[in-house]
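Working notes, structure below.
Residue numbers (our numbering): 21 to 226.
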């Protein structure tokens, strides 16, 4: 659970970040998000699945992938999804100095141009977070499916959604090669289950 649903103590370390967006009254809502793309092997498939169910999501994009595949950012925009910055080179904030990290984010911003930012692995130094919040809405997560894990089966990824999803959950999948098999099998099942439970899907506002 420490990975799938971050504990309150960890959330309190970054009060400037968005972890969950609860709706008061009406249908419960969830926010599907996809990290580490866009890539031609996965992102178009994800977009087609979202179209099939008539839902919108949010894509946190690695700048170097956008540089190589700008047409995929255009397609995400065209289909009405929101999108955000996930650094230029998928840097983990705890492993690099703030100056290098912020430079990497700024490089990605030139390509992505979004007010949304998510740190890779959900890890930041306080100094990095303080600087980033001046320019971005830092979006973390309420539920990590762990679709990237080779130790989990697609059934277990789907079970993570069933176990931890709640009103306002920001849910993380990955449109990456590493997550591909688990994500492709678990995502449609997760969407159908969430719809059966009465959830509404929304993109994170940019």
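Built from N, CA and C at the ideal position, the CB exists for glycine as well.
Computed from a predicted structure; not experimentally measured.
Between residue i and residue j, is the Cβ-Cβ spacing less than 9 Å?
| i | j | result |
| --- | --- | --- |
| residue 121 | residue 145 | yes |
| residue 157 | residue 43 | no |
| residue 90 | residue 110 | no |
| residue 128 | residue 82 | yes |
| residue 63 | residue 224 | no |
| residue 116 | residue 220 | no |
| residue 104 | residue 226 | yes |
With respect to the beta strand (DSSP E) encompassing residue i, which residues constitute its N-terminal and C-terminal limits?
| i | result |
| --- | --- |
| residue 51 | 49-55 |
Spell out the partners DSSP gives residue i in its beta bridges.
| i | result |
| --- | --- |
| residue 103 | 79 |
| residue 189 | 40 |
| residue 157 | 136 |
| residue 163 | 191 |
| residue 221 | 50 |
Which residues mark the beginning and the end of the alpha helix (DSSP H) in which residue i is found?
| i | result |
| --- | --- |
| residue 129 | 118-132 |
| residue 204 | 200-216 |
| residue 178 | 174-184 |
| residue 95 | 90-98 |
| residue 72 | 63-73 |
What residue from the options has the CA that sits closest to residue i's CA?
| i | options | result |
| --- | --- | --- |
| residue 133 | 56, 63, 50 and 94 | 94 |
| residue 197 | 112, 51 and 66 | 66 |
| residue 213 | 181, 55 and 115 | 181 |
| residue 148 | 184, 119 and 87 | 119 |
| residue 71 | 101, 80, 53 and 49 | 101 |
| residue 87 | 107, 68 and 75 | 107 |
Using only the heavy atoms of the ligand COA, determine whether one of them is closer than 8 Å to the beta carbon of residue i.
| i | result |
| --- | --- |
| residue 56 | In the structure shown, the ligand COA is absent, as is every other ligand, since no ligand is present at all. |
**Prompt:** Are there three or more Cβ pairs, one per stretch, closer than 8 Å when the stretch 196-208 is compared with the stretch 158-174?
**Reply:** The stretch 196-208 is in contact with the stretch 158-174.
**Message:** Three Cβ pairs or more, each shorter than 8 Å: is that satisfied between the stretch 50-62 and the stretch 24-35?
**Reply:** Too few Cβ pairs lie closer than 8 Å, so no.
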